[in-house]
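A.B. asks: Take a look at the following structure, please.
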Amino acid sequence: MLEQYQNLSINDFDYSLPEEKIAKYPLANRSDSRLLISKRAGFISEAKMIDIGDYLPYDSVLFFNQTKVVNARLLFKKETGGLIEIFCLEPCDNIDPQVALQQKNTVKWNCMIGGAKKWKDGPISMTLDGIEVKATKIGRSKDDFAICFEWPGSLSFSEILEKSGELPLPPYMNRKAEKEDLTRYQTVYAQHEGSVAAPTAGLHFTEELTDSFASKGVSSVFLTLHVGAGTFKPVKTNSISEHAMHAELIDVSIDAVFGIIEALGPIIPVGTTSLRTLESLYWFGVLASLGELNGDLPELGQWSHASLPELNLRQSIRSLLDYLDAHGKTRFIAKTSLMITPGYKFKVARGLITNFHMPKSTLLLIISAMIGDNWKTLYKHALKNDFRFLSYGDCCLLLP
């Protein structure tokens, strides 16, 4: 089944994105964003985000990603006075980010390092409120370094990052984070620390907007996928099948898993991260049905779905719930590298709320998987009519 992806070229998912179309700052009000709606047969219409409830099918269930962005960029000083930037990606040894962030005195993270060649050996340090925080290289993979952070006192690593770290805005914004970004580059419902990028489709939602959904028969469910830096990684291989997809941690309560089979209407994820979480849960359910859901932190490979049998949605989710019950778990925590490309058949999602994405990105592949070549018409319309693109940009509602 993997053969169907061999002939997919990333060049077929390219388009010209002028710099001036990229939103560098958010609008004054979250729900003032424009909304571009794509329905069956490629029908396109425009609206305002604040009115999205009028366009959602009755009994829709929206799934939101509750992850919270951490101030993951740290500046350290060498003994010679030069600066080294450390970008914290994820804890070492597959530790839950929320657990690692509460650790005190010492913690180990996988990091990207700016100016790595300037950092030879030995620890580097920074001073925070009179406390010296040391960083030492303890290992290296292809692109990342394992870093051990050490500090005295009672501060958690979360507090260290909050006090001294910088919010990691996407590189295409070409600017440093400002005070406004500390709130605007988080969703209003963010709860679980661990991401290095925001689930940006959720940035448009306010409490007033989500509260208004009940009168329209629309309900909300929350889950977590901690967004990694790989979300910005362009596909550099010509063949999509050769791209190495990044793994990300998902954390879903048993109530949210139940929410999938209890949904009376279409399930519409808010953002590609919620979509990948939901589709991954389906495949984890298939693995559970086969007795192949193993280890403390199960993993789903990027092409695992290509070799797995298909179950109906209820069977799959029931198998996952049975697995949780048998192991006495109230949450399902796992890692997913699921790669969704054209040709993928969605098992859970029946629509998608999402921003406009970068050319040649894995996120654009998801859009094409959902609405086919209509993505080209949609993006052409958005560019021609001055929609704002990328993280702080406008929004789409896809109802295939």
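Heads up: the sequence shown begins at 8 in the working numbering, then just goes up one per residue. Glycine included, each C-beta is placed from N, C-alpha and C at the ideal position. Here the structure is a predicted model, which means the values were calculated and not measured.
Suppose the cutoff is 6 Å on Cβ atoms and the five residues either side in sequence are ignored; what does the same chain contact list for Ile131 look like?
C.D. replies: Phe83, Lys85, Ile91 and Ala142
A.B. asks: Quick check: the Cα distance between Gly292 and Gly160, rounded to an integer number of angstroms?
C.D. replies: Taking C-alpha positions only, Gly292 is separated from Gly160 by approximately 44 Å.
A.B. asks: Per DSSP, what kind of secondary structure is Pro316 in: helix, strand or coil?
C.D. replies: coil
A.B. asks: With contact counted as at least three CB pairs below 8 Å, one residue from each stretch, are the segment 320–331 and the segment 209–229 in contact?
C.D. replies: no
A.B. asks: In terms of residues, what are the limits of the alpha helix (DSSP H) holding Pro104?
C.D. replies: Pro104 to Leu108
A.B. asks: Can you tell me where the alpha helix (DSSP H) with Gly292 in it begins and where it stops?
C.D. replies: In the DSSP assignment, Gly292 falls within the alpha helix (DSSP H) that extends over Thr279 to Ser296.
A.B. asks: Do Leu69 and Val225 count as a contact pair if the criterion is CB distance below 8 Å?
C.D. replies: It is a contact, given that the beta carbons lie within the stated cut-off.
A.B. asks: Using three-state DSSP, classify Trp382 as helix, strand or coil.
C.D. replies: If DSSP states are grouped into helix, strand and coil, Trp382 belongs with the helices.
A.B. asks: Which value, in whole angstroms, describes the spacing of the CA atoms of Gly400 and Pro175?
C.D. replies: Answer to the nearest angstrom: the Cα atoms are 17 Å apart.
A.B. asks: How many Å lie between Asp262 and Lys240 at the Cα?
C.D. replies: 33 Å
A.B. asks: The beta strand (DSSP E) with Gly201 in it runs from where to where?
C.D. replies: His199 to Ser202
A.B. asks: DSSP state of Thr194, grouped into three classes?
C.D. replies: Coil.
A.B. asks: What ranges does the beta strand (DSSP E) occupy inside the segment 63–122, keeping only unbroken runs of at least 3 residues that lie completely in it?
C.D. replies: 68–72, 74–76, 80–84, 90–98 and 113–121
A.B. asks: Asn181 to Ile167, Cα distance in whole Å?
C.D. replies: One C-alpha to the other measures close to 25 Å.
A.B. asks: Determine the burial state of Thr284: buried for a count of at least 16 other Cβ atoms within 10 Å of its Cβ, exposed for fewer.
C.D. replies: buried
A.B. asks: For Phe339 and Thr279, what's the separation of their Cα atoms in angstroms?
C.D. replies: Rounded to whole angstroms, the gap between the alpha carbons of Phe339 and Thr279 is 19 Å.
A.B. asks: Just the Cα atoms here: how many angstroms apart are Asn72 and Thr87?
C.D. replies: 43 Å
A.B. asks: Per DSSP, which residues does Phe339 bridge with? Please list them.
C.D. replies: Answer by DSSP bridge pairing, in chain order: Val259.
A.B. asks: Return the CA-CA distance between Gln105 and Gly201, expressed in angstroms with no decimal places.
C.D. replies: 6 Å
A.B. asks: For Lys391, name the three-state secondary structure that DSSP assigns.
C.D. replies: helix
A.B. asks: Below 8 Å, can you find three or more Cβ-Cβ pairs linking the segment 383–394 to the segment 346–357?
C.D. replies: no
A.B. asks: Looking at the unbroken alpha helix (DSSP H) that takes in Lys170, where does it start and where does it end?
C.D. replies: First-last of the alpha helix (DSSP H) with Lys170: Phe164 to Ser171.
A.B. asks: What residues in its chain sit with their C-beta under 6 Å from that of Ser67, if we drop five residues either side in the sequence?
C.D. replies: Val225, Gly272, Pro273 and Ile275
A.B. asks: Write down the C-beta distance between Leu232 and Leu288 rounded to the nearest angstrom, noting that I regard them as a contact closer than 8 Å.
C.D. replies: Separation of the CB atoms of Leu232 and Leu288 is rounded to 11 Å, and the pair is thereby denied contact status at 8 Å.
A.B. asks: So, under 8 Å CB-CB, Ile347 and Ala313 are touching, yes? Tell me the CB distance rounded to an integer number of Å.
C.D. replies: Cβ-Cβ separation between Ile347 and Ala313: approximately 12 Å, too far for a contact (criterion under 8 Å).
A.B. asks: What's the gap between the Cα of Leu216 and the Cα of Pro349?
C.D. replies: 32 Å
A.B. asks: For a quick check, are the C-beta atoms of Val77 and Ala205 less than 8 Å apart?
C.D. replies: no
A.B. asks: Going by beta carbon distance, what residues of the same chain come within less than 6 Å of Leu108, once the five residues before and after it are set aside?
C.D. replies: Phe164, Ser165 and Glu200
A.B. asks: Give me the Cβ distance between Leu282 and Ile373, rounded to the nearest whole Å; I'm assuming they're in contact under 8 Å.
C.D. replies: 7 Å
A.B. asks: Among the candidates Phe50, Glu27 and Glu97, whose CA atom is the shortest distance from the CA of Lys115?
C.D. replies: Glu97
A.B. asks: What's the gap between the Cα of Asp303 and the Cα of Asp100?
C.D. replies: 12 Å
A.B. asks: So, with DSSP's three-state summary, where would you put Ile275?
C.D. replies: strand
A.B. asks: Kindly give me the distance between the Cβ atoms of Ile120 and Phe152, rounded to whole angstroms, as I take these residues to be in contact under 8 Å.
C.D. replies: 5 Å
A.B. asks: Is Asn245 near Asn18, with beta carbons less than 8 Å apart?
C.D. replies: yes
A.B. asks: Excluding the 5 residues preceding and the 5 following Val242 in the sequence, name in chain order all residues of the same chain whose CB lies nearer than 6 Å to its CB.
C.D. replies: Ile17, His250 and Lys367
A.B. asks: What whole-angstrom Cβ distance do Leu43 and Glu53 have, given they're in contact under 8 Å?
C.D. replies: 6 Å
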